[in-house]
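Next comes the structure, spelled out in structure tokens:
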């Protein structure tokens, strides 16, 4: 029935002449069983996601984060969106409310992203109060749709004449708006079956299809986002025109005469498959890569896969922070050159790390290759996780790897604080909310031959294998603090299938047992170990990962990290905050870690600190005379040997930085040479 | 007579009610004898400049640069200003020329800065063709002045209603425009005695004085510049109201409610003497500091001097590149935090280094302290000198200390080249032109007790001591390639005075002789050696500076330079360009300088290379396997030991980079540890 409705909407939108040219695919799975990205019938997907509602996340780091997300973050953000007048932007038009337009040109998307977060949250649990707010917001949105299908609260009145002009598309975010509208609509549809916003989005897409395309007017995504949304609309409705429109946009219409630096910056407007490296605005590049991967998953166009693989190598070998954060530059919120990874001036926008997770999720679906899951886990636990405070109401936009505690005032923060409740450009807060709300959907995949487990946490999956056999998988673990994961496998009936257990790439030693016996074959970090057998209800898999703290170094081409080390433990990157250190080391400007390979760490789990974290302590030296008292330049060999004293440094997980009073912070710590 | 004229203009401008409140000082020196900044009668100046025309610069580095400046740079730039329609902006208004407005809101200043460069050039020599162009330009400018005195080609027509509103002053550059108008006018007046533009500028200043000030409407310099120009207008006209207006603007009118990050960025709008550090837009900070120093020189307000000293310490100890360049960030073209000095991403705008030279020149005048001359020389020979190509027609806006050869496309350069003939924001080209044209004015100062020599080059000064005794000083030297400077002193009659000879701070060993005998007392680098005696015509002073190449290191707080050295020789910073290196080292990504203290350098002067430069060669190692083939992160101690091979690197002076085909460039070179 839902498909018939989509069909009707398409006709209503006036695209009837096109219908005969399009092929259709009926989604067999009902809305409530569709995954974060729904790859049923995607011919080039090796893995299928499981619905968000199929996984229950229990006590632990993510349980706590998700509880705060639903109880604090999501409700407080819609309140702020309302208070800042962004919802009134819709009421100005639908209800004639006499208020000035508020926010940036893409202010509509804050409501859409919030709706997406709410939609994912409602896929996990009934949330009647949230649902009421969401239904109201949806009503406000769809009420401004014009009969043509055009839907945008900014390009109205005097600005209506500028709609979708080449120069408007460069900066106006109309397609970006549509993309987030569709993503919000899809998540809400998969939560509730309510198609109201989905239909509105499809109608706007139909409006585009009518007038724009290769043999019509040129279209440009000044901020990529709509590409993946259109593919998901295709997956949801079966209407191939949406996939084709995504392909056209990704193909880059060269009729538009654009400035070269804009082609770099927007990561659009030139054929995606001609890209040679990650460059320009990092969120744009990630969203474009998501869309390109989605397009590959449906079409198998090998030019895309080849390009995506090159870009991915560029990401992990040259342009990714140890946190999984990306985007080295404040200027244009952009990628830098290869190995340009400044610490204090890292931009590492929360949204970009989320974009990386989304892209790697798609690459994982296309390939089943564990290296993508490694990037997902790294970004998730660190660069994304840091994006919201422990109490769920303060957000990071950028995520530096070193900080004086409070930065100078900047456009994101009048008082230079890294965490704030509101940003006029409100991309990151609802973005992290949708990520946490959809997180259950990232734990498992199914494949033709069985099940993949990607992430570890106390949790329970209730789903089915490809052949329809019911499957329940229960994880019991203290992960990420403890490296032992007990997994109980319960097929509805004894079944032959492969249980693919991810062994994270970060571990140096791992063991895997099935029912108390070592698993056959190599348990190699950075792979999925394929456990192929007849599974019976109650079979026990036990994964043990070496959680010893690790000292990590960078390729010497990263100039800022020469002579420095970072500390990792399990999937977590650690850092120093000044307030945890002895007085003499609190400025962090004069500390050096005593050389060693991790043997010197003392671990202590502190249940009352920052939601419960493992802290690490390590011997160190600190200069008695501060470096800040010395000149900036000097002749080689002329520097005095400065006396040091012994001290001990306390490391906390990176994701909890800046949750207490402002304090200096540092991820990459100078390593003491062989001097005492 | 000139003063009477100024008096008359003031009355015409309608400021008659103020006249009785102002004190006047008659400039005794005729226009042709006024210096770059004219400190006659400035009560807090220890040093007085000499007129540009009093110093003839002969053969050598600066002789060649100045010849190209007058013959190529200055003429080609006015042609480009004309071609880009910036002069038509004036004709639109005065002649009703039917053309669209062109360029940024401050496009007027490009003409003014060019007029300043032309004016300084005309102080050194007769240039009839240039004069004709300048007179035409001046006519175009003054023709648009309104009867009120308002003069600006942008805020006209519909925009006239927005003149000097608080929000306009934040971004509109009206006062910045006036500042450059006045600087151009003063330079042209001192070249020719022509007051046409000077009077127009004074009339615009009078317009401001009428309506703006502490007890009138608030005034804000959104881009400082007008402060120093108003003080110079005061020095030129004797009208104290201009000094008071500068003081009012520097004092920061807190009635304006400004965003904190704008107060940081603009370096204005809060009392200058409350500033604690250099921050925000580096050119703004430098120009504000120039104005504040000028204000101190006239008033002796100790709050300013104390602040200026703090800011200066911040500059040289924490925020200055080894080149003398400043401004670490592309984002906002701004200073960074202390020790934030990235190399490839250094902004180091040419204008900022020029601003630093101008500020240090004022600090030198206030104190006679050689440390300011050291900064002037460092900036001049390196960060400023690099700003224009050897052929005089290509300019750098930013001046990185490391480069892949060609950067990605950016707003300054569509093809990513660092040198370009034109920038839509054309601040740097005429700025370096005015600097080279005014350079003779920076060689010497006079004081109550004698003469100071600041810079070394083949040259001749013909001027007079404070008591009026004529003095001729002739320098013969191969500086900056050779460290020996022969100075002939010729007073008009035997005279007792002190000859202050600067011993640059960069030298490690210097000797000084008078008439073949060692000078009495210590010849300490970073000071002026005071040679007090009775000087007779033909007395010979000989300064010998050790020109051995030096390996320089940075305070370890500069993260990017850990384990790296830079090469200096004399006042010049050196660098590597890939195209000079053996094939295996041409990418520069895998080179390491062999450890040593400079003993390993071979020197060779190459007269035909880049206008004639001394190149330096030094043993080095290069990795056989490129670092780029290795992963981004790894465990400490797990990296393979990579084989290296011996090679030799060739260094060229930094100021000639990017004058040949694009090639990787590097100032800070990794130093090989004790390996092989």
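Protein chains in written order, with our numbering: chain A, 534 to 1209; chain B, 534 to 1209. Every residue, glycine too, gets a C-beta built ideally from N, C-alpha and C. Since this is a predicted model, take the numbers as computed values, not measurements.
- At a cut-off of 8 Å between beta carbons, residue 787 of chain B makes no contact with chain A.
- Cα atoms of residue 765 of chain B and residue 892 of chain B: separation of roughly 14 Å, rounded to the nearest angstrom.
- 8 Å or more divides the Cβ of residue 718 of chain B from the Cβ of residue 678 of chain B.
- Taking a 10 Å sphere around the C-beta of residue 1140 of chain B, we find fewer than 16 other C-beta atoms and assign the residue as exposed.
- For residue 607 of chain A, there is no enclosing beta strand (DSSP E); the enclosing alpha helix (DSSP H) has its first and last residue at 607-616.
- Boundaries of the alpha helix (DSSP H) around residue 774 of chain A: 773-784.
- Between residue 956 of chain B and the set B:595, B:601, B:614 and B:576, the nearest pair of CA atoms involves B:614.
- Per DSSP, residue 1033 of chain A is one residue of the beta strand (DSSP E) stretching across 1028-1036.
- When rounded, the separation of the alpha-carbon atoms in residue 865 of chain B and residue 852 of chain B is 16 Å.
- In this structure, residue 648 of chain B lies away from residue 722 of chain B, with their beta-carbon atoms at least 8 Å apart.
- Note on geometry: alpha-carbon atoms of residue 633 of chain B and residue 646 of chain B lie some 22 Å from one another.
- Residue-level contact by beta carbon holds for residue 1169 of chain A and chain B, with a gap shorter than 8 Å.
- With respect to the C-alpha of residue 1099 of chain B, the residue from B:935, B:1047, B:1166 and B:999 having the closest C-alpha is B:935.
- The closest CA to that of residue 754 of chain A, considering only A:903, A:800 and A:1016, is found on A:800.
- For residue 1151 of chain A, the enclosing beta strand (DSSP E) stretches over residues 1146-1156.
- Think of a sphere of 7 Å around the beta carbon of residue 937 of chain A: the chain B residues whose beta carbon falls inside it are 870, in chain order.
- Within the model, the alpha-carbon separation for residue 876 of chain B versus residue 631 of chain B is close to 46 Å.
- CA-to-CA, the gap between residue 1076 of chain A and residue 1032 of chain A works out to about 13 Å.
- Among the residues of chain A, those whose CB is under 9 Å from the CB of residue 944 of chain B are 792 and 794, following chain order.
- Every unbroken stretch of the beta strand (DSSP E) spanning 3 or more residues and falling wholly within the region 937-987 of chain B is given here in chain order: 977-980 and 983-986.
- In terms of Cβ geometry, residue 976 of chain A and residue 984 of chain A do not form a close pair [threshold 8 Å].
- Taking C-beta separations shorter than 7 Å and ignoring five residues to either side along the sequence, the partners of residue 1107 of chain B in its chain run 1100, 1101, 1149, 1184, 1185, 1186 and 1187, following chain order.
- Residue 1196 of chain B is classed as buried because its beta carbon has at least 16 other beta carbons within 10 Å across all chains shown.
- Comparing alpha carbon positions, the residue from A:1124, A:1180, A:1170 and A:1138 closest to residue 1159 of chain A is A:1124.
- In the three-state scheme derived from DSSP, where H, G and I count as helix and E and B as strand, residue 899 of chain A is classed as helix.
- Excluding the 5 residues flanking it on each side, residue 951 of chain B has same chain C-beta neighbours closer than 6 Å at 929 and 1191, in chain order.
- Of all residues in the region 845-871 of chain A, the ones placed with a Cβ closer than 8 Å to any Cβ belonging to chain B are 849, 850, 851, 853, 855, 862, 863, 864, 869, 870 and 871, in chain order.
- Counting C-beta pairs closer than 8 Å gives three or more between the region 957-966 of chain B and the region 597-614 of chain B, which meets the contact rule.
- In this model, residue 593 of chain A and residue 845 of chain B are separated by some 53 Å (Cα to Cα).
- When secondary structure is reduced to three states using DSSP, residue 577 of chain A falls in the coil class, being assigned neither helix nor strand.
- In this structure, the straight-line span from the alpha carbon of residue 563 of chain B to that of residue 768 of chain B is close to 12 Å.
- Between the C-alpha atoms of residue 600 of chain A and residue 960 of chain A there is a straight-line separation of about 21 Å.
- Straight across, the Cα-Cα distance linking residue 659 of chain A with residue 652 of chain A is about 11 Å.
- If you look at residue 1065 of chain B, you'll find it isn't in any alpha helix (DSSP H); it sits in the beta strand (DSSP E) that goes 1060-1068.
- Shown here, residue 1020 of chain A sits in a strand according to DSSP, grouped into three states.
- Using a Cβ-Cβ distance cut-off of 8 Å, the region 1081-1095 of chain B and the region 1114-1121 of chain B are not in contact, since fewer than three pairs of beta carbons, one from each stretch, lie closer than that value.
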